[in-house]
Structures are given as structure tokens and as C-alpha cells.
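All remarks here apply to the structure that follows.
Number of protein chains: 2
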Amino acid sequence: MNEMIALLKQHRSIRKFTKDPVTEQQLDAILTAAQQASTSSNMQAYSVIGITDMELRRELAKLAGNQAYIEESPVFLVWCADLYRWEQAAKRHYEDEMPSTTENFIIGTVDAALAAQNAAIAAESLGLGIVYIGGIRNQPEQVSELLQLPQHVYPVFGMCIGVPDQSPLNRPRLPRQAVYFENTYKQGAIDSAIDTYDETLSAYMKARSNGKASTAWSQAMAGKAGPVRIHMRSFLEKQGFKLE
Amino acid sequence: MNEMIALLKQHRSIRKFTKDPVTEQQLDAILTAAQQASTSSNMQAYSVIGITDMELRRELAKLAGNQAYIEESPVFLVWCADLYRWEQAAKRHYEDEMPSTTENFIIGTVDAALAAQNAAIAAESLGLGIVYIGGIRNQPEQVSELLQLPQHVYPVFGMCIGVPDQSPLNRPRLPRQAVYFENTYKQGAIDSAIDTYDETLSAYMKARSNGKASTAWSQAMAGKAGPVRIHMRSFLEKQGFKLE
Chain A
1 MNEMIALLKQ HRSIRKFTKD PVTEQQLDAI LTAAQQASTS SNMQAYSVIG ITDMELRREL
61 AKLAGNQAYI EESPVFLVWC ADLYRWEQAA KRHYEDEMPS TTENFIIGTV DAALAAQNAA
121 IAAESLGLGI VYIGGIRNQP EQVSELLQLP QHVYPVFGMC IGVPDQSPLN RPRLPRQAVY
181 FENTYKQGAI DSAIDTYDET LSAYMKARSN GKASTAWSQA MAGKAGPVRI HMRSFLEKQG
241 FKLE
Chain B
1 MNEMIALLKQ HRSIRKFTKD PVTEQQLDAI LTAAQQASTS SNMQAYSVIG ITDMELRREL
61 AKLAGNQAYI EESPVFLVWC ADLYRWEQAA KRHYEDEMPS TTENFIIGTV DAALAAQNAA
121 IAAESLGLGI VYIGGIRNQP EQVSELLQLP QHVYPVFGMC IGVPDQSPLN RPRLPRQAVY
181 FENTYKQGAI DSAIDTYDET LSAYMKARSN GKASTAWSQA MAGKAGPVRI HMRSFLEKQG
241 FKLE
């Protein structure tokens with residue numbers, strides 16, 4: 001195993017940062033790495049907003065669930081799926097109405113994720129820690145207004161970056177046989193893998209919480225089964241994504 | 001700049017592979033790196049199908065646009081957004097009907113992309129090359145049948161992995177000022193950035209094609225403006241994604 005795979009294997013989210021800054025050179029390297037990620041047919045259908053204005057940061061932190069680390073991290077990025085820029089380019093040579101399809105929505109969402117993951121790894125290779133902030137989709141309409149996002153751009157997630165001031169345990173992942181299959185999906189492999197992982201994760205939660213919690217994976221997953229962010233569809237429509 | 005960032009900056013898609021195999025140890029390291037990627041609330045809402053059956057590979061290659069490298073690459077992976085496994089886990093503790101929301105569709109799509117990008121980087125760190133295959137969405141219904149994907153699982157993209165047998169030029173990316181903004185999106189920055197990038201990419205295309213092509217970016221983007229994969233919405237509905 002080489003050093004880079006060791007780095008990838010070491011990933012855990014960091015939610016507490018020292019007061020040390022992320023330097024401009026570091027941010028530049030992170031963004032350069034992000035830009036070099038794979039992108040569907042070179043559409044580069046994503047944009048990144050770096051939030052340096054602390055008043056704006058406070059407002060975003062409130063909108064994303066009041067997590068202190070959003071306010072306190074030296075760098076906070078909002079990763080957006082962006083079909084607006086593609087449209088501006090295409091319109092120079094294309095006269096019909098531009099399509100607003102589910103396919104393009106997928107392309108923008110995937111391009112944002114690939115670029116962001118490169119940024120995350122670049123940051124971690126510099127000794128920094130990161131956490132993705134799905135909470136940016138809690139109130140996406142207000143976020144989009146604050147960031148002045150044009151139609152056909154939406155915030156997919158945020159990302160805090162900074163020098164780690166904590167060293168949490170790595171969280172174990174699902175058994176391989178529930179995630180990787182040869183040739184065909186194996187529904188029959190799922191149930192026993194969930195049994196195994198429930199035990200693994202329960203033990204991990206116990207260790208991490210000094211015995212206070214021992215939630216199994218399936219219990220945690222049931223907690224996600226209620227109506228979570230059910231505004232996304234109507235928000236996306238307002239933002240111009242017709243999902244045809 | 002460290003080695004990891006140098007590696008990330010060197011990325012270019014590889015579409016021609018030597019006959020050298022990808023070893024089991026290499027594939028194991030690649031999948032381990034993938035599994036350690038960030039995931040929304042630990043849902044790990046993705047699965048990977050490795051296509052080792054060569055008859056199946058030929059069929060997938062046909063369905064994905066008949067690209068020879070899909071058939072010829074030592075490893076071909078299909079990355080799927082997977083809400084099925086999450087449902088199986090949650091149902092153990094949740095008795096109401098499970099939701100099928102746009103939010104969960106985003107979570108699955110993003111989780112698949114983050115894991116895949118870790119896999120891509122792990123592969124490149126081992127001296128291998130990769131290319132993402134969006135063409136897997138050309139005929140997703142047939143692909144899903146072949147791979148026996150259950151409801152609430154869909155193929156997001158494929159990925160070829162192997163030892164590179166070509167050394168293409170790095171493709172330059174959009175100017176930073178069209179992709180990264182401070183605090184608010186800057187629509188005013190887009191037009192001149194497209195002008196600049198049209199020139200850059202035109203020169204790159206010329207160099208790469210020995211003078212035979214010089215397509216500007218905006219021209220290439222106009223080529224993506226027609227009706228591309230307009231079946232995705234109805235395919236996803238059939239696959240159980242209600243996108244509520």
C-alpha cells in the first residue's frame with residue numbers, strides 16, 4: 001500500500017479546528033486539484049463559493065443547522081451544481097431553447113461531487129481536515145439568495161476546511177460484500193451484512209462515546225426514514241431545474 | 001506542492017490499456033479507498049458492480065455506446081446510487097412507508113461520486129489509468145436489467161481501470177475566475193472567461209489532433225444542448241425513484 005492510499009484510508013470528518021489559517025497557497029492548491037477532477041464531456045458543471053465574509057458565514061451557519069464549525073472553520077466552501085455557465089457558453093452557437101433535464105441535473109451534481117472530493121483529498125494531504133455539510137440543503141432557497149446563485153445553479157453541499165483540533169476514531173464501513181458485487185447485484189448478501197455491520201457500528205459508537213451510546217447502523221438509518229428535506233424538489237423547480 | 005497534489009493535478013482520462021492485469025490486491029486497495037470516502041450521515045448510499053464476465057462486458061459496451069475500451073480494460077466497474085440497502089436497514093425499525101425523495105436521490109448520486117473519485121485516485125496512485133463512462137446512462141433500463149439492480153438502485157456511471165497504453169495531454173480547465181467566487185456568484189465574470197477558455201481549448205484541441213480540429217469550448221458545449229438522455233426521468237421512475 002502506498003502513501004496516497006494510506007491517506008485515503010485515514011479519512012474521518014473533522015468538526016473542530018485550531019485558529020491556524022489555511023494559507024492562500026494551500027487554498028490555491030486545493031482548488032487546482034478540484035479543477036483537475038474528471039468532468040462529464042468537459043462540461044465542468046459546478047462552481048465553488050468561498051465564504052470569507054463573516055456576517056454571511058454566520059447567516060449560512062444558522063441556515064445549515066447552527067453547527068459551530070461552519071462559523072469557526074478557517075475556510076468554508078459551498079459546492080454548487082452549475083448548468084448556468086454551460087448554458088451561457090452553448091447559447092453562443094445554439095438557438096433553440098436550452099433543455100433542463102434530469103440528465104443535466106445528474107451531470108451537475110456528479111461534477112460538483114468529483115471536484116469536491118479532489119479538494120477534500122488535497123486538503124487532507126496538506127495536513128488539513130474537512131467535513132462535508134449536507135445541512136446546506138436544509139434551507140437551500142435562502143442560501144441561494146444569499147449567494148446570488150443564478151437559475152440552474154444549486155448548492156449541493158458545503159465543506160469546512162482547517163487544521164484539525166480533534167482526532168476522532170475512523171468510522172468502520174459496511175462489509176465489502178454488501179457494497180461490491182461481481183456481475184450482478186446480490187440482494188441475498190444484504191441482510192447478513194446489515195447484521196454484521198450493526199454489531200460493528202454499535203461497538204464503534206460505544207468506544208467513541210465512552211459507553212454512552214451504542215446505536216446500531218440500522219437504527220441510525222431508520223432515523224433518516226422520516227420526511228427529510230422534502231422541499232428539495234420544489235426548491236429545484238424554483239431554481240429552474242425542470243428535471244424533464 | 002506535495003506528491004498527492006501533483007498526482008491530482010496530473011489526471012487525464014485513459015482510454016487505451018495494455019494487456020497487463022489489475023491485481024486482486026490493487027482492486028482491493030482501490031475499493032478500500034472508495035469505501036472510506038465521506039458519505040452523507042453514514043448512509044453509504046452507493047454500490048459497485050465489477051464486471052468480470054466477458055459476455056456481460058460486451059453487452060454493456062454495446063449499450064454504453066460501443067466504446068472499445070469498455071470491453072478491453074482489465075477492470076470495469078459500474079457505480080450505482082443505492083437506496084435499497086438503506087431501506088432494508090431502516091425497515092427493521094421503521095414501519096411507515098419509506099420516502100422516495102429528490103433529497104435521497106441526491107444523497108445516493110453524491111455518495112456514488114465521492115466513493116468513485118476515491119477509487120479513481122487510488123488507482124492513479126498505483127500507476128493505473130481510469131476513465132469515467134457516462135454512456136452507462138445511454139440505455140440504463142437494459143443495464144439495470146442485466147445487472148439485476150433492485151428498485152431504488154440506478155447506474156450513475158461506469159469506470160474503466162487499467163495500465164495506461166497512451167499518454168494524452170492534460171486538458172486545460174476553465175479559468176479559476178469562472179469557477180471560484182468569493183461570497184457571491186459573479187455572473188459578470190462568466191462571459192470573458194468563456195472567451196479566454198475558448199481560445200485555450202481551441203489551441204489544445206489543435207495540438208492534440210495534430211491540427212485537424214480546433215473546436216472552441218462554447219462550440220463543444222453547444223453540441224451538448226440538444227436532447228441528451230431525455231429518458232433518464234422516466235427510467236428513474238420505473239426504477240422506483242419518485243423524486244418527490
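Chain order of the listed sequences is A and B. Read in the UniProt record's numbering, the first sequence has 166 at position 166, and its numbers run on one by one without any break. Read in the UniProt record's numbering, the second sequence has 125 at position 125, and its numbers run on one by one without any break. We treat Cβ as the ideally placed atom computed from N, Cα and C, and that holds for glycine. As the structure is a computational prediction, the values presented were derived from the model and not from experiment.
Sequence-distant residues of the same chain with beta carbon closer than 6 Å to residue i, five excluded per side
i	result
B:Tyr69	Arg15, Cys160
B:Thr200	Pro172
A:Leu77	Val48, Gly50, Met159
B:Ala213	Met205
A:Thr52	none
B:Ala61	Ile70, Glu71
Candidates the options: closest to residue i by CA position
i	options	result
A:Lys242	A:Glu199, A:Tyr197, A:Gln117, A:Glu103	A:Glu103
B:Pro168	B:Asn42, B:His11, B:Val75	B:His11
A:Ser73	A:Glu55, A:Ala29, A:Val163	A:Val163
B:Tyr46	B:Val110, B:Ser125, B:Ala213, B:Glu141	B:Val110
A:Trp79	A:Asn42, A:Ile136, A:Lys224	A:Ile136
A:Pro140	A:Ser38, A:Pro155, A:Gln187	A:Pro155
A:Arg85	B:Ala34, B:Ser40, B:Tyr180	B:Tyr180
B:Asn183	A:Leu56, A:Leu8, A:Ala222, A:Asn42	A:Leu56
B:Arg229	B:Glu24, B:Ala64, B:Ala115	B:Ala64
A:Gln26	A:Asp53, A:Ser41, A:Met98, A:Gly129	A:Gly129
B:Asp191	A:Ala90, A:Thr52, A:Val22, A:Asp20	A:Ala90
A:Ile106	A:Ala213, A:Val75, A:Val153	A:Val153
B:Asn42	A:Leu174, A:Gln151, A:Ala213	A:Leu174
A:Gly108	A:Met54, A:Val131, A:Ala116, A:Gln44	A:Gln44
A:Ala116	B:Ala37, B:Met54, B:Asp53, B:Val131	B:Ala37
A:Thr23	A:Val131, A:Glu71, A:Val75, A:Asp53	A:Val75
Close Cβ partners of residue i (< 8 Å) along its chain, the five nearest in sequence each way excluded
i	result
B:Tyr204	Leu169, Arg171, Pro172
A:Asn66	none
A:Thr215	Leu201, Ser202, Met205
B:Asn138	Leu63, Ala64, Gly65, Arg229
A:Ala33	Asn118, Ala119, Ile121, Ala122
A:Leu236	Phe105, Tyr154, Leu243
A:Ala178	Ala189, Ile190, Ala193, Ile194, Tyr197
A:Leu7	Ile121, Glu124, Ser125
B:Ala207	Leu169
A:Gln151	Tyr84, Gln239, Gly240
Alpha-carbon to alpha-carbon, residue j and residue i
i	j	result
A:Thr18	A:Asp165	5 Å
A:Gly49	A:Leu149	In the sequence on display, residue 49 of chain A carries Ile and not Gly. Approximately 10 Å between the Cα atoms of the pair.
A:Tyr185	B:Leu147	6 Å
B:Gln88	B:Ile30	26 Å
B:Asn2	A:Ile133	26 Å
A:Ile5	A:Lys238	41 Å
A:Ser100	B:Arg233	11 Å
B:Glu95	B:Gly240	19 Å
A:Asn118	A:Phe157	14 Å
A:Glu145	B:Leu126	43 Å
A:Ala220	A:Ser202	10 Å
B:Ser13	B:Arg176	21 Å
A:Asp28	A:Glu59	25 Å
A:Ala120	A:Ala189	32 Å
A:Lys224	B:Gln35	20 Å
A:Ala222	B:Ser209	54 Å
B:Asp82	B:Thr39	12 Å
A:Leu21	A:Leu114	Strictly speaking, residue 21 of chain A in this sequence is Pro, with Leu absent from that position. Using only the alpha carbons, I get a separation of about 25 Å.
A:Met98	A:Thr196	49 Å
A:Gln187	B:Val143	17 Å
A:Pro227	A:Glu244	24 Å
B:Arg92	B:Ala112	24 Å
A:Met54	B:Val131	40 Å
Own chain partners of residue i with C-beta closer than 7 Å, once the 5 adjacent residues on each side are dropped
i	result
B:Ser218	Ile194, Asp198
A:Lys9	none
Chain C contact for residue i (CB, 8 Å cutoff)
i	result
A:Arg15	The structure shown has no chain C; the protein chains it does contain are A and B.
### chain B contacts made by the stretch 176-191 of chain A, where a contact means CB separation under 9 Å
Listed by position, the residues of the stretch 176-191 of chain A near chain B (Cβ gap below 9 Å) are Arg176, Ala178, Val179, Tyr180, Phe181, Glu182, Asn183, Thr184, Tyr185, Lys186, Gln187, Ile190, Asp191.
#### Entry: Members of the stretch 61-94 of chain B near chain A, C-beta cut-off 7 Å
Cβ contacts with chain A come from Arg85, Trp86, Gln88, Ala89, Ala90, Arg92, His93, Tyr94.
### Query
Quick one, which residues of the stretch 215-227 of chain B are near chain A if we go by CB-CB under 7 Å, in chain order?
Within the stretch 215-227 of chain B, the qualifying residues are Trp217, Ser218, Gln219, Ala220, Met221, Ala222, Lys224, Ala225, Pro227.
### Task
Go through the stretch 108-152 of chain A residue by residue and report every complete run of the alpha helix (DSSP H) that reaches 4 residues or more, in order.
Correct list: 140-146.
### Task
Entirely within the stretch 33-81 of chain A and at least 4 residues each: give me those alpha helix (DSSP H) ranges in chain order.
The qualifying runs are 54-63, 68-72.
### Length-filtered (4 minimum) alpha helix (DSSP H) runs lying within the stretch 154-223 of chain B
If we require 4 residues or more, the alpha helix (DSSP H) runs fully inside the stretch 154-223 of chain B come out as 190-208, 217-222.
#### Entry: Selection of the stretch 47-58 of chain B by Cβ proximity to chain A, strictly under 8 Å
For the stretch 47-58 of chain B, which is checked against every Cβ of chain A, the residues closer than 8 Å are Ser47, Val48, Ile49, Gly50, Ile51, Thr52, Asp53, Leu56.
### Query
Just by C-beta distance, which residues in the stretch 125-136 of chain A are closer than 9 Å to chain B?
Within the stretch 125-136 of chain A, the qualifying residues are Ser125, Leu126, Ile130, Val131, Tyr132, Gly134.
#### Entry: Near-chain B residues of the stretch 197-209 of chain A - C-beta to any C-beta below 7 Å
Listed by position, the residues of the stretch 197-209 of chain A near chain B (Cβ gap below 7 Å) amount to none.
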